[in-house]
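J.: Protein chains in written order, with the working numbering: chain A, 1 to 252; chain F, 1001 to 1252.
Every residue, glycine too, gets a C-beta built ideally from N, C-alpha and C.
Computed from a predicted structure; not experimentally measured.
Structure incoming, see below.
Structural data, given as structure tokens:
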């Protein structure tokens, strides 16, 4: 049985709590949040607290708060030499206070408030400063069914950066498509199967091989038509830049 | 029973043939291609031909060839006043020769050579110049399980343009992420669940509401870190432009 104490009450913390709580190999010892209100709904499932001085012994303390608050909360912990990890993709492991054994438990996934998440689909990137701390963090990830990798700081930063491209930026392209279709009374909904298929395609094929369309074919006529249709200058800029990027990738 | 003759042997034509051939409400009368070799493997399933003059009577003739070849092949058809449609998102319906009744049967999906496609996931956009030609095209789409919409030329052009954003451009962002991860010995594979979840998220939520990340939060520190990590100037340009686009969308 792995005992865990959670700190923070955002999306990541809440999803971690739910999946830990469902595992019979994990005991969530306590759940801390600065404001007790946010975790009040879970008080029948776990001991909740808003006082760091009440924290009891646990195998792992997981700090799942906003990036800016990690260093601060880690320095306020009233104990030493315990295993303390944060869950951020971009915060340095050394930002955690050095009085404890430090590590990172970074779930590489986007979490929604509303939807449940099966952790089989949440890869966990683990980093530890003390080598012997790795096995228990790996066991924690495995207990919830997650794929797990040991990554160093550079790899984690790189994955976090790449995640911005495939998640935030991709989602913004969906948003632009939404704006384009709405403005011409076409249905964004009609694009949804294509959105899903595009993501499915690269599960088994490289994005290089999966590419199609006017930019890859260097179909100047269609590209010109599209640019003429676009009314918003920023949409035009995005069209031009990504068309050029595809051309460069495919040697056009 | 709807009788169909297919013209062309590319990805779209091949997927259409397979799904039509599986339906007991559709008879594929003939399959034409300029080069017979491409359709030779199907000669036991359907009458194949490379001679337009051998085309027999059918309810619908579907021209699924490259955009540039549509006008030409439609003018070479040796008959008049039949229902002739193309399958392109961007070609004008009037590019089809006026001697026949013209329409468009545009499948809004990306097709792979290798993978089978369930047409439940292939929305069909239908346009007809003669109103009475709509029902049989709709029946054809419904027979293979496709969602179907009547769209006008403007809406179809808009959907095709928006499809470039959610398919080609999104795929290029996956490619950029592949380049970024490879260059730092991180694993692109580890991003695949996130890619899928990002696409799933907007099936039930608007891209506006689904957005997260440093640009939306206007998290200048993380944005600065990311720009410093990016070595490729074009990657930097994409990062800056899409970050600005997200900021503008969310009023940052």
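Applying the 10 Å Cβ sphere with the 16-neighbour rule, what's the burial state of residue 1117 of chain F?
T.: Within the second chain, residue 1117 of chain F is the residue found at index 117, counting from 1. Buried, by the Cβ-count rule.
J.: Within 10 Å of its beta-carbon, does residue 1115 of chain F have 16 or more other beta-carbons around it, so buried, or fewer, so exposed?
T.: Counting from one through the second chain, the residue named residue 1115 of chain F turns up at place 115. Result: exposed.
J.: Let me know the secondary structure DSSP gives residue 86 of chain A once reduced to three states.
T.: Here residue 86 of chain A refers to the residue found at position 86 of the first chain. In the three-state reduction of the DSSP assignment, residue 86 of chain A falls in the strand class.
J.: Would you kindly check if the distance between the Cβ of residue 62 of chain A and the Cβ of residue 6 of chain A is under 7 Å?
T.: Position 6 of the first chain, counting from 1, holds the residue named residue 6 of chain A. Position 62 of the first chain, counting from 1, holds the residue named residue 62 of chain A. Yes. Within cutoff.
J.: Is any beta-carbon of chain F found at less than 7 Å from that of residue 72 of chain A?
T.: Taking the first chain and counting its residues from 1, the one referred to as residue 72 of chain A is at position 72. It does not: the Cβ of residue 72 of chain A has no partner Cβ on chain F nearer than 7 Å.
J.: According to DSSP, what are the bridge partners of residue 1150 of chain F?
T.: Taking the second chain and counting its residues from 1, one reaches residue 1150 of chain F at position 150. Answer is F:1126.
J.: Apply the 10 Å Cβ neighbour rule to residue 146 of chain A and answer buried if 16 or more other Cβ atoms are within range, or exposed otherwise.
T.: Locating residue 146 of chain A in the first chain gives position 146, counting from the first residue. Buried is the call here.
J.: Could you pull out every residue in the same chain whose Cβ sits closer than 8 Å to the Cβ of residue 1242 of chain F, ignoring the five residues on either side in sequence?
T.: Translated into the one-based positions of the second chain, residue 1242 of chain F becomes position 242. If we look at residue 1242 of chain F and ignore the five residues flanking it on each side, its Cβ neighbours are 1215.
J.: Straight-line CA distance for residue 40 of chain A to residue 30 of chain A?
T.: Indexing the first chain from 1 puts residue 40 of chain A at position 40. Indexing the first chain from 1 puts residue 30 of chain A at position 30. About 12 Å.
J.: For residue 36 of chain A, which residues in the same chain have their Cβ closer than 8 Å to its Cβ, ignoring the five residues on either side in sequence?
T.: Here residue 36 of chain A is taken as the residue at index 36 of the first chain, counted from 1. Cβ neighbours of residue 36 of chain A beyond the five flanking positions: 48, 49 and 50.
J.: What are the uninterrupted segments assigned as beta strand (DSSP E) that are 3 or more residues long and contained completely in the region 1144 to 1221 of chain F, given in chain order?
T.: 1148 to 1150
J.: Is the Cβ of residue 1237 of chain F closer than 7 Å to any Cβ of chain A?
T.: Locating residue 1237 of chain F in the second chain gives position 237, where the first residue counts as 1. Yes, its Cβ sits closer than 7 Å to a Cβ of chain A.
J.: The beta strand (DSSP E) that contains residue 1003 of chain F, what's its start and end?
T.: Counted from its first residue, the second chain places residue 1003 of chain F at position 3. Start and end: 1002 to 1007.
J.: Thinking C-beta only, is residue 171 of chain A closer than 7 Å to residue 1207 of chain F?
T.: Indexing the second chain from 1 puts residue 1207 of chain F at position 207. Indexing the first chain from 1 puts residue 171 of chain A at position 171. Yes. Within cutoff.
J.: Just the chain F side, please: which residues come within less than 7 Å of residue 86 of chain A by C-beta, in chain order?
T.: What you label residue 86 of chain A is simply residue 86 of the first chain in a count that begins at 1. Under the 7 Å cutoff, chain F gives no residues; its nearest Cβ is about 14 Å from residue 86 of chain A.
J.: Could you check the C-alpha separation between residue 1173 of chain F and residue 169 of chain A for me, to the nearest Å?
T.: On the second chain, residue 1173 of chain F is found 173 positions in, with the first residue counted as 1. On the first chain, residue 169 of chain A is found 169 positions in, with the first residue counted as 1. C-alpha separation (whole angstroms): 8 Å.
J.: Listing by chain order, which chain F residues have their CB less than 8 Å from the CB of residue 198 of chain A?
T.: As a working mapping, residue 198 of chain A is identified with position 198 in the first chain. By Cβ distance, chain F contributes 1110, 1166, 1167, 1170, 1171 and 1199.
J.: Compute the Euclidean distance between the alpha carbons of residue 1124 of chain F and residue 1160 of chain F, then round it to the nearest angstrom.
T.: Within the second chain, numbered from 1, the residue matching residue 1124 of chain F stands at position 124. Within the second chain, numbered from 1, the residue matching residue 1160 of chain F stands at position 160. For residue 1124 of chain F and residue 1160 of chain F, the distance between alpha carbons rounds to 12 Å.
J.: At 7 Å on the CB atoms, spell out the chain F contacts of residue 16 of chain A, in chain order.
T.: Reading the first chain from its first residue, position 16 is the one you call residue 16 of chain A. Chain F residues near residue 16 of chain A: none, gap ~16 Å exceeds 7 Å.
J.: Under a CB-based cut-off of 7 Å, is residue 1030 of chain F close to chain A?
T.: The residue you call residue 1030 of chain F lines up with position 30 of the second chain. No, no contact with chain A.
J.: Going by the beta-carbon positions, is the gap between residue 191 of chain A and residue 1162 of chain F smaller than 7 Å?
T.: Sequence index remark: in the first chain, residue 191 of chain A carries index 191 (1-based). Sequence index remark: in the second chain, residue 1162 of chain F carries index 162 (1-based). Yes, Cβ-Cβ distance for residue 191 of chain A and residue 1162 of chain F is below 7 Å.
J.: From the DSSP output, in three-state form, read off residue 30 of chain A for me.
T.: As a position in the first chain, residue 30 of chain A is number 30, starting the count at 1. Reduced to three states, the DSSP call for residue 30 of chain A is strand.
J.: Residue 154 of chain A touches chain F at which residues, Cβ-Cβ below 7 Å?
T.: The sequence position of residue 154 of chain A within the first chain is 154, counting from 1. Ordered by position in chain F, the residues that pass the 7 Å Cβ test against residue 154 of chain A are 1184.
J.: Name the chain A residues whose beta carbon is nearer than 8 Å to that of residue 1149 of chain F?
T.: Residue 1149 of chain F sits at position 149 when you count from the first residue of the second chain. Near residue 1149 of chain F (Cβ distances below 8 Å), the residues of chain A are 187 and 190.
J.: By DSSP, does residue 47 of chain A sit in helix, in strand, or in coil?
T.: Position 47 of the first chain holds residue 47 of chain A. Three-state result, residue 47 of chain A: strand.
J.: From residue 1210 of chain F to residue 1198 of chain F, what distance separates their C-alpha atoms?
T.: Position 210 of the second chain, counted from the first residue, corresponds to residue 1210 of chain F. Position 198 of the second chain, counted from the first residue, corresponds to residue 1198 of chain F. For residue 1210 of chain F and residue 1198 of chain F, the distance between alpha carbons rounds to 8 Å.
J.: Less than 6 Å between C-beta atoms, sequence neighbours within five positions excluded: which residues of the same chain meet that for residue 1099 of chain F?
T.: Start at 1 with the first residue of the second chain, and residue 1099 of chain F comes out as number 99. Same-chain partners within the cutoff: 1080.
J.: Could you tell me the distance, in whole angstroms, from the CA atom of residue 44 of chain A to the CA atom of residue 122 of chain A?
T.: Working through the first chain from its first residue, we reach residue 44 of chain A at position 44. Working through the first chain from its first residue, we reach residue 122 of chain A at position 122. Each residue's alpha carbon lies about 27 Å from the other.
J.: What are the residues of the region 1224 to 1235 of chain F that lie near chain A, defined by any Cβ-Cβ distance shorter than 9 Å?
T.: 1225, 1226, 1229, 1230, 1234 and 1235
J.: Using a Cβ-based criterion (distance less than 6 Å to any ligand heavy atom), does residue 136 of chain A qualify as near the ligand GDP?
T.: No copy of the ligand GDP appears in this structure; indeed no ligand is present at all.
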